[in-house]
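Q: In the working numbering, the protein residues as written are 4 to 680.
In this text, a Cβ means the ideal position worked out from N, Cα and C, and glycines have one as well.
None of these values were measured; they are calculated from a predicted model.
Encoded as structure tokens, here's the structure I'll be asking about.
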């Protein structure tokens, strides 16, 4: 029935549009608005395209001690669009109330930290989401295969392997049955050494070329009879790799794989639990007892663990001995770096798993990381083995230099972008309030992006905004700004505003004077932001596209860092003020007006606000004058109501936002292409 009902609306609307003219006077209700008025919008629905969720993300070592200073990035899944990021505090937890698109039902959380699983995927349920990495109670990632770093057989060459032997059996996930009973403890301090030495996505040839010196030993040399163990630390690969070892005479190292009698599998599937495997940091295997003078080399079989739980040959094998590896260029054949961590007497083994001549190779040598230990503890020779880097935190803010976006500034640590560093959200307005317009939602269309500069406590030090106008479907001179829920005195300065009409009075700090809360007016004349002298802009098919003069860039500095809980979520409380009248504000539904609003306008025209009940900017049918969309948006053409341009808008509105929450997403193509700009 609903589909038939909307068909009637569309037919009626199309018929009436031929006689519909822009109605600035408001003397009659536009026929398009009449079609919108047939919607049965649930009480309490505010046309939100985003939802607020409280996130709690924890990081712990394998002894359940908190890890601070870990940057957690949260992405929509499977779209892989960055939603937000933050830093774990001394308790190992990053907590945040964040607005994300309502259509997002799964998230991918990615810590920028060696020693924690590189990704955990969870389904959102309710208004809270808790994700833990490491520790006694890690969150299980949903069983979704990670995308490969490269095509499965990219860069393979003919390569002969030694005989493959095994230490024992394993389960279907590749978890060895011969693991030591107790895991090795791996402290956050030890992990900091590795993170400082081999940070994620930092090319070792660029950042640490000395690690690749040909004189460096990248195998183990046993100086006295000893038991040797290998312990899993981390994997950041998209492949299911296999780790093995082989022995050789250091005085006569292998020149071909035929010189190796056998290689023995240590870890059949080097994949984290919940990420295609079952390993947990600290899992430990005794590889054997070896006499003095033995050389122990290692081999990583790339993507060799098969769907039937066997160890195959994979794409290629990366040996300790460079001469055995597949690259044609000799300088690129090294795939294993061995580092000495003196305080724990551990020899770190760090692999790059992709063929290094491949364009997909990031050269960071942290795709598979282990450490080797021995008994006697000093049986592994440390000569010609580089020592791990000591962690650096130049500004002393608790965030290591390799992860700090402001490594020399103790007041700043990272940037958090809303909606993303390379994307924009959209605000779309009707400007006739309190009179009803035509619901083409193009009287003012603004793209916005906010950048929160955070300190190591996840407090906002600076707030930066980038804005540009996409369309002006109105003849009124309109301005635009936003209000933050803080006292104006907490703002140190505002820069970048475009105020030309002489109607805005600012205090010395750049906030609007006479306001209870900090209010920033970005511009007071939309037309002056465009390369056009006036008239309707970018709302009609066939007309020339008018570009903005430039992106408007605002910078707001605070007198003291503001918690994100206090500051709220972007776009905060944005509003248009129309017809060169500062008191005629148009806000998102149920967002309160500022102190400068003309309160006598509420309840006039078609406005059905009830300020005493906190109900604002809705008509009697609960329809809004503005809408906020967390992405770019193909807005309707002039006089085309949004219900006509977007096929599922009506179903979304009548369902209270539960049906088609992605109705506006461009890639979904729910719009009529001849009715949008």
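1. From 122, 407 and 549, pick the residue whose C-alpha is nearest to that of residue 83; which is it?
2. Compute the Euclidean distance between the alpha carbons of residue 268 and residue 65, then round it to the nearest angstrom.
3. Using the Cα positions of residue 200 and residue 342, report the straight-line distance between them to the nearest angstrom.
4. Just to confirm my understanding: we take residue 227, look at its own chain, exclude 5 residues before and 5 after, and list those with CB closer than 7 Å. What are they?
5. Starting from residue 79, trace the beta strand (DSSP E) in both directions and tell me its first and last residue.
6. Quick check: what's the CA-CA separation for residue 409 versus residue 416?
7. Only counting the same chain, and skipping five residues up and downstream in sequence, which positions put a Cβ closer than 8 Å to that of residue 474?
8. Considering residue 191, what are the terminal residues of the alpha helix (DSSP H) in which it resides?
9. Among 356, 632 and 403, which one has its Cα closest to the Cα of residue 577?
10. Say whether the region 166-185 touches the region 363-376, bearing in mind that this needs 3 or more beta-carbon pairs closer than 8 Å, one atom from each stretch.
11. Closer than 6 Å by C-beta to residue 674: which residues in its own chain qualify, once you throw out the five before and the five after it? Chain order, please.
12. In chain order, what residues of the same chain lie with their CB nearer than 8 Å to the CB of residue 563, ignoring the 5 residues before and after it?
13. In three-state DSSP terms, what is residue 455?
14. How long is the line joining the alpha carbons of residue 462 and residue 531, rounded to whole angstroms?
15. Assuming contact is defined by CB atoms lying nearer than 8 Å, are residue 186 and residue 283 in contact in what I supplied?
16. So, with DSSP's three-state summary, where would you put residue 302?
17. Classify residue 229 as helix, strand or coil using the three-state DSSP reduction.
18. Closest by CA to residue 600, which one among 484, 663 and 355?
19. For residue 467, does the three-state DSSP call read helix, strand or coil?
20. Whether or not the region 234-253 and the region 393-409 are in contact is what I'm after, with contact meaning three or more pairs of Cβ atoms, one per stretch, closer than 8 Å; do they touch?
21. Is it buried or exposed for residue 39, if we count other Cβ within 10 angstroms and need 16 for buried?
22. Using DSSP bridges, identify the partner residues of residue 234.
23. Exposed or buried, what is residue 450 when buried is set at 16 or more other beta-carbons lying within 10 Å of its beta-carbon?
24. For residue 1, which of helix, strand or coil comes out of DSSP?
25. Quick one: grab the DSSP three-state call for residue 603.
26. Taking just the CA atoms, how far does residue 108 sit from residue 684?
27. Between which two residues does the beta strand (DSSP E) harbouring residue 648 extend?
28. Just to confirm the assignment, what range does the beta strand (DSSP E) spanning residue 557 have?
29. Are the beta-carbon atoms of residue 521 and residue 508 separated by less than 8 Å?
30. Quick one: what does DSSP say residue 671 is sitting in, helix, strand or coil?
31. If I'm right that residue 301 touches residue 352 with Cβ under 8 Å, what's the distance once you round it to whole angstroms?
32. Straight-line CA distance for residue 114 to residue 527?
33. Considering Cα atoms alone, identify which of 316, 420 and 427 is closest to residue 166.
34. Is there contact here, the region 71-91 with the region 419-430, by at least three beta-carbon pairs under 8 Å?
35. Mind checking which residues open and close the alpha helix (DSSP H) that includes residue 653?
36. Taking C-alpha atoms, which residue in 672, 55, 586 and 79 lies nearest to residue 436?
A: Reading from the atomic positions:
1. Check the Cα spacing between residue 83 and each of 122, 407 and 549: the tightest is with 122.
2. Distance between the alpha carbons of residue 268 and residue 65 is about 24 Å.
3. C-alpha separation (whole angstroms): 9 Å.
4. Once the five neighbours on either side are set aside, the close Cβ partners of residue 227 are 295, 379 and 382.
5. Looking at the DSSP string, the run of the beta strand (DSSP E) that includes residue 79 is 74-79.
6. Straight across, the Cα-Cα distance linking residue 409 with residue 416 is about 5 Å.
7. 445, 447, 448, 540, 541, 542, 638 and 680, listed in sequence order.
8. Unbroken alpha helix (DSSP H) run through residue 191: 191-200.
9. Checking every option, the nearest Cα to that of residue 577 belongs to 632.
10. No, because fewer than three Cβ pairs between the region 166-185 and the region 363-376 fall closer than 8 Å, the two stretches do not touch.
11. Same-chain partners within the cutoff: 637, 648 and 649.
12. Here the set comprises 493.
13. Strand.
14. Looking at the two C-alpha atoms, the distance is approximately 35 Å.
15. The criterion of a C-beta distance shorter than 8 Å is satisfied by residue 186 and residue 283.
16. Under the three-state reduction of DSSP, residue 302 is assigned to strand.
17. The three-state secondary structure of residue 229, taken from DSSP, is strand.
18. Residue 600 has its Cα closest to that of 484, out of 484, 663 and 355.
19. The answer is strand: DSSP assigns residue 467 an E or B state.
20. Touching, no.
21. Residue 39 comes out buried.
22. DSSP lists 287 and 374 as partners of residue 234.
23. Taking a 10 Å sphere around the C-beta of residue 450, we find 16 or more other C-beta atoms and assign the residue as buried.
24. Nothing in the structure corresponds to residue 1, since the chain is present only between 4 and 680.
25. If DSSP states are grouped into helix, strand and coil, residue 603 belongs with the helices.
26. Residue coverage of the chain in this structure runs from 4 to 680, which leaves residue 684 outside it and unanswerable.
27. Here residue 648 belongs to no beta strand (DSSP E); instead the alpha helix (DSSP H) covers 645-648.
28. Counting along the chain, the unbroken beta strand (DSSP E) around residue 557 starts and ends at 555-566.
29. No.
30. Three-state result, residue 671: helix.
31. Contact between residue 301 and residue 352 is confirmed by a C-beta separation of about 6 Å, below the 8 Å threshold.
32. Each residue's alpha carbon lies about 42 Å from the other.
33. Here the closest residue by C-alpha is 316.
34. Enough Cβ pairs lie closer than 8 Å, so yes.
35. Under the DSSP assignment, residue 653 falls in the alpha helix (DSSP H) whose first and last residues are 652-657.
36. If we check each option's Cα against that of residue 436, 586 comes out closest.
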